[in-house]
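Notes follow once the structure below has been shown.
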């Protein structure tokens, strides 16, 4: 199963063309990545497939609102960036210059390589706004000018570029089905990054249900008679051998615990039902806050219902 996918330009378009969706993006935003100024929420998001173990990936800080980065441990180390660069020339000195984003990416890579000495692959995906006239018949607008909406130019569109130096990792790459009112068509791409899975944990033993009388008899039979000890190596062997045989006997004759579907042994099916209901109420309250605002009566009622649960 592909473990990484990009939806180039989509998060930016949702924020730009649907005002109420900005709250949804901020809600998904990690605390240390978010800017305190809510007028400028982040425009890049990376969603990680839930099949990837949390021990094999983590988000790494990148000090720019238009760049998100995660690190995945596979056979080597991979750093994935989701980038948005405005359509401004590199030589521009004003606030819209991509220089801060490029500097943030460079600093993130430098820090990651300094902390990890293993072989590292860098993957950048996103909207770079570096189009070529061959992609469409009309001339591109001057640098710094925004692209037109579909309503203003219904038969013209721009395909965002996707760049990769590892084409063999590509599984899927196609235009996304929705452009959210922009003349950009988001590019959906999947790459196969086989992350390290969690090591298989040893099965727990139910020592309370073990037949210790049978285990003791079997351990005595395996150890056998004691030999005369005259040297230090013989003493070490006399201690090590019975210990290993006894441990093997206990492991063999002790039944395994019954498997449970939860990672926490104290978690029960009743708690799972309660968790599902609470999550449903929480999502209902969040949706009301995003559409109707937090101070709306329906939002307040949903919050009270969530607290009572």
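Numbering (UniProt numbering), first residue to last: 1 to 309.
From the three backbone atoms N, C-alpha and C, an ideal C-beta is built for every residue, glycine too.
Item checked: Contact the region 219-227 vs the region 268-275: 3+ CB pairs below 8 Å -> no
Check: In this structure, what does DSSP give as the bridge partners for residue 256?
Finding: 205
Note to self: My assumption, with CB atoms under 8 Å, is that residue 253 sits in contact with residue 210. Please give the rounded CB distance.
What the structure shows: 7 Å
Note to self: For residue 294, count the other beta carbons within 10 Å of its own beta carbon; 16 or more makes it buried, fewer makes it exposed. Which is it?
What the structure shows: exposed
Check: Among residues of its own chain, excluding the 5 on either side of residue 222, which ones have a beta-carbon nearer than 7 Å to its beta-carbon?
Finding: 245, 249
Item checked: beta strand (DSSP E) segment containing residue 173, residue limits -> 170-175
Next item on the list: Output the distance between the C-alpha atoms of residue 191 and residue 291, rounded to the nearest integer angstrom.
Entry: 34 Å
Item checked: Length of the line joining the Cα atoms of residue 98 and residue 282 -> 38 Å
Next item on the list: Kindly indicate the opening and closing residues of the beta strand (DSSP E) around residue 72.
Entry: 67-73
Check: Does the distance from the CB of residue 60 to the CB of residue 121 come in under 8 Å?
Finding: no
Check: Any idea if residue 256 is buried or exposed, counting beta-carbon neighbours within 10 angstroms, 16 or more meaning buried?
Finding: exposed
Note to self: For the beta strand (DSSP E) containing residue 189, name the first residue and the last one.
What the structure shows: 187-191
Check: What are the residues that DSSP puts in a beta bridge with residue 80?
Finding: 70, 123
Next item on the list: Go through its chain and collect everything with a Cβ distance to residue 57's Cβ below 8 Å, but skip five positions before and after it.
Entry: 48, 70, 71, 72, 73, 195
Item checked: Separation of residue 270 from residue 186, as counted between CA atoms -> 43 Å
Checklist line | residue 80 to residue 63 span [Cα, whole Å] | finding: 15 Å
Note to self: Just to confirm my understanding: we take residue 238, look at its own chain, exclude 5 residues before and 5 after, and list those with CB closer than 8 Å. What are they?
What the structure shows: 226, 227, 229
Check: Can you tell me whether DSSP reads residue 58 as helix, strand or coil?
Finding: strand
Checklist line | C-alpha distance - residue 326 paired with residue 240, whole-angstrom precision | finding: Not covered by the structure: residue 326. The range shown for the chain is 1 to 309.
Margin query: Applying the 10 Å Cβ sphere with the 16-neighbour rule, what's the burial state of residue 285?
Written below: buried
Next item on the list: Enumerate in chain order the residues of its own chain whose CB-to-CB distance from residue 173 is below 8 Å, with the five nearest sequence positions on each side excluded.
Entry: 162, 187, 188, 189, 190
Checklist line | Residue from 51, 169, 105 whose Cα sits closest to the Cα of residue 68 | finding: 105
Checklist line | Residues near residue 302 by beta carbon distance below 6 Å, same chain, minus five either side | finding: 284, 285, 288
Margin query: Which residue marks the beginning of the alpha helix (DSSP H) containing residue 214, and which one marks its end?
Written below: 212-223
Check: The alpha helix (DSSP H) with residue 270 in it runs from where to where?
Finding: 269-292
Check: Is residue 124 buried or exposed, if buried means 16 or more other CB atoms sit within 10 Å of its CB?
Finding: buried
Next item on the list: Measure the C-alpha to C-alpha separation of residue 46 and residue 82 and round it to an integer number of angstroms.
Entry: 7 Å
Next item on the list: Could you tell me if residue 299 is buried or exposed, where buried requires 16 or more neighbouring beta carbons within 10 angstroms of its beta carbon?
Entry: buried
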